[in-house]
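First comes the structure, then the notes that go with it.
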Amino acid sequence: MITLLGSTGYVGQAYEHYLRSRNIAYVGVSRKRLDYSNKDELVNYLRDTKPVFLINVAGYTGKPNVDACEKDKANCLQGNAVLPGVIRAACAEVGIPWGHVSSGCIFSGTRPDGRGFLETDAPNFSFRQNHCSFYSGTKALGEEVLGYGEGPGQDIPSWNYQDGEPDGYVWRLRIPFDHIDNPRNYLTKLMRYQYLLEATNSLSQLHEFVRATFECWEKRVPFGIYNVTNPGQITTREVVKLIQKTGVSHKDFQFFKDEDEFMKIAAKTPRSNCILDTTKLQKTGIKMAEVHEAVEMSLRTWQS
Ligand SMILES: NC(=O)c1ccc[n+]([C@@H]2O[C@H](COP(=O)([O-])OP(=O)(O)OC[C@H]3O[C@@H](n4cnc5c(N)ncnc54)[C@H](OP(=O)(O)O)[C@@H]3O)[C@@H](O)[C@H]2O)c1
Numbered sequence: 015m016i017t018l019l020g021s022t023g024y025v026g027q028a029y030e031h032y033l034r035s036r037n038i039a040y041v042g043v044s045r046k047r048l049d050y051s052n053k054d055e056l057v058n059y060l061r062d063t064k065p066v067f068l069i070n071v072a073g074y075t076g077k078p079n080v081d082a083c084e085k086d087k088a089n090c091l092q093g094n095a096v097l098p099g100v101i102r103a104a105c106a107e108v109g110i111p112w113g114h115v116s117s118g119c120i121f122s123g124t125r126p127d128g129r130g131f132l133e134t135d136a137p138n139f140s141f142r143q144n145h146c147s148f149y150s151g152t153k154a155l156g157e158e159v160l161g162y163g164e165g166p167g168q169d170i171p172s173w174n175y176q177d178g179e180p181d182g183y184v185w186r187l188r189i190p191f192d193h194i195d196n197p198r199n200y201l202t203k204l205m206r207y208q209y210l211l212e213a214t215n216s217l218s219q220l221h222e223f224v225r226a227t228f229e230c231w232e233k234r235v236p237f238g239i240y241n242v243t244n245p246g247q248i249t250t251r252e253v254v255k256l257i258q259k260t261g262v263s264h265k266d267f268q269f270f271k272d273e274d275e276f277m278k279i280a281a282k283t284p285r286s287n288c289i290l291d292t293t294k295l296q297k298t299g300i301k302m303a304e305v306h307e308a309v310e311m312s313l314r315t316w317q318s
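According to the numbering used here, the sequence shown is numbered sequentially starting from 15.
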C-alpha cells in the first residue's frame with residue numbers, strides 16, 4: 015500500500031487518478047484526517063498502516079498564484095520548508111522510503127553555459143540570493159532540509175552530495191499542464207490571462223510527471239533529485255502558436271512589452287522562468303515526450 019499525503023490537491027488528484035487506473039493500493043491522506051505535520055502522529059500512522067512507500071505531494075501553493083504566498087508567509091514556510099523535514103524524519107524512524115514533489119521554480123534562467131540546470135546545481139532563485147519570491151524561497155529550503163550534506167568548510171550546502179544524496183526521491187515539477195481545462199492548468203491560464211509574459215521554460219505534462227515519478231520507485235532507480243520535466247524548452251509564443259494551430263483558441267493573444275511591464279502591472283513578486291536539464295531522468299530509461307510534442311498532444315485532446 016502507498017501513502018499519498020496531499021491527495022486532495024491539484025497534483026495529488028493526478029496521483030490518485032494514476033494509482034486508481036493501475037489498481038495500485040493506496041491511501042490518500044488529507045489534513046482533516048491526520049495532522050501529518052506532527053511527526054509523532056505521522057509515525058504512529060505509518061506504524062499502524064505499514065505502507066511500502068510514501069509520496070508527499072502536500073505543499074503550500076498560493077491561490078490564485080504565488081503572489082498570495084507573500085501575504086501568508088507562516089503557512090507557506092510551514093507547508094513547503096518545515097513539512098518535508100517532518101515527513102523525512104518520520105519515514106526514517108519507521109523505515110519507509112519516500113518521494114517528495116518539489117519544484118523547478120527554485121531556478122531562474124539557464125546555467126552560464128546556456129544549458130538547463132542540473133540536479134547538482136545549487137538553486138539560484140532562493141533566499142540565499144535574496145531576489146526570489148517567498149514561494150520559491152520556501153521550496154528551495156524544503157529541498158535543503160531533505161538531506162544535503164555541506165561541502166567541507168562551506169556554510170552553504172554544496173548541492174554536490176559529497177555527504178550522500180537525499181535518502182528518498184526529490185522530484186522537481188515545473189509548470190504543470192494537461193488536456194483538461196482547469197484554472198490550475200498552464201494552458202488554461204495562458205488562454206485566460208489578458209496579457210502574457212514571453213519567457214522560455216521547461217514544463218511538465220502532469221500525467222507524464224506522475225507516471226515518471228512512480229516509475230522511479232517501481233524501477234528502484236537510485237534515490238536523489240530528479241528534474242521531471244518534458245525534455246527541451248519552449249517559449250510562451252511557441253505555446254500560443256500551438257494553441258492557435260490546434261484551434262483550441264483563436265483569441266488575439268497580447269503580450270507584455272517586457273518583464274518590467276509585467277512586474278508593474280500584473281505581479282507582486284518575481285517569477286521563476288527557467289530551463290532544467292533532464293538527462294539524469296532520461297538515463298534511467300524513464301521517458302517523457304519532447305515538450306512541444308507534449309503540449310500539442312494535450313491541445314489535440316483538449317477537454318473543455
Ligand atoms: N501546481 C503547480 O503549479 C506546482 C508546480 C510545481 C510544484 N508544485 C508543488 O506540488 C505540490 C502540490 O501542489 P498542488 O498544486 O497540488 O497544490 P494544492 O492544489 O494547493 O494542494 C495542496 C495540498 O497540500 C496539502 N497541504 C498540506 N499542508 C499544507 C499547508 N501547510 N498548506 C497548504 N496545503 C497543505 C493540502 O491538503 P488539505 O486538503 O488537507 O488542505 C492539499 O492536499 C506542492 O508542494 C507544490 O509546491 C506545484
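Think of the CB as a built atom: it goes at the ideal place given N, C-alpha and C, for glycine as much as any other residue.
As the structure is a prediction and not an experimental result, all values here were calculated from the model.
Query raised in the report: Given a threshold of 16 other Cβ atoms within 10 Å of its Cβ, counted over all protein chains shown, does Gln219 qualify as buried or as exposed?
Result: As a position in the sequence shown, residue 219 is number 205, starting the count at 1. With 16 or more other Cβ atoms within 10 Å, it is buried.
Requested in this report: Examine chain B for any beta-carbon lying closer than 9 Å to the beta-carbon of Gly42, and answer yes or no.
Outcome: Checking the listed chains, one finds no chain B in this structure; it contains a single protein chain.
**Report entry** Minimum C-alpha distance to Val235 - residue among Asp272, Gly299, Ser286 and Ile289
**Finding:** For the purposes of this step, residue 235 is taken as the residue at position 221 of the sequence shown. Of Asp272, Gly299, Ser286 and Ile289, the residue nearest in Cα terms is Gly299.
**Report entry** Euclidean distance between Cα positions of Arg198 and Tyr24
**Finding:** By 1-based counting over the sequence shown, the position of residue 198 is 184. By 1-based counting over the sequence shown, the position of residue 24 is 10. Computed Cα separation, rounded: 7 Å.
Report task. Report the residue from Glu252, Asp291, Ile279 and Tyr183 whose alpha carbon sits nearest the alpha carbon of Gly238. Result -> What you label residue 238 is simply residue 224 of the sequence shown in a count that begins at 1. Per the Cα distances, Tyr183.
Requested in this report: Compute the minimum distance between the beta carbon of Ala72 and the heavy atoms of ligand 1, and state whether it is under 8 Å.
Outcome: Against the sequence shown, residue 72 aligns to sequence position 58. At least one heavy atom of ligand 1 is nearer than 8 Å to the Cβ of Ala72, so yes.
**Report entry** Among Arg142, Lys259 and Phe267, the one whose alpha carbon lies nearest that of Lys203
**Finding:** Reading the sequence shown from its first residue, position 189 is the one you call residue 203. It is Phe267.
Requested in this report: Please find out if some non-hydrogen atom of ligand 1 comes closer than 8 Å to the beta-carbon of Pro137.
Outcome: Counting from 1 along the sequence shown, the entry for residue 137 is found at position 123. Between ligand 1 and the CB of Pro137, the shortest heavy atom gap is not smaller than 8 Å.
Query raised in the report: Touching or not, the stretch 89-98 and the stretch 53-68, by the rule of three or more beta carbon pairs under 8 Å?
Result: In short, these stretches do not touch, since the Cβ pair count stays below three.
Requested in this report: Using a threshold of 9 Å, state whether the C-beta atoms of Arg129 and Ile289 are closer than that.
Outcome: Your numbering for residue 129 matches position 115 in the sequence shown. Your numbering for residue 289 matches position 275 in the sequence shown. Going by C-beta atoms, Arg129 is nearer than 9 Å to Ile289.
**Report entry** Beta carbon of Leu160 nearer than 9 Å to that of Ser140
**Finding:** Numbered from its first residue, the sequence shown carries residue 160 at position 146. Numbered from its first residue, the sequence shown carries residue 140 at position 126. Their beta carbons are not under 9 Å apart, which means Leu160 does not touch Ser140 by this criterion.
**Report entry** Cα-Cα separation between Pro245 and Ser122, rounded to whole angstroms
**Finding:** If you number the sequence shown from 1, residue 245 lands on position 231. If you number the sequence shown from 1, residue 122 lands on position 108. Straight-line measurement puts the Cα of Ser122 at about 17 Å from the Cα of Pro245.
Requested in this report: Assess, as a yes-or-no matter, whether the stretch 253-262 is touched by the stretch 303-317 under the definition of 3 or more beta carbon pairs within less than 8 Å.
Outcome: The way I'd put it, the stretch 303-317 does touch the stretch 253-262; three or more beta-carbon pairs between them come closer than 8 Å.
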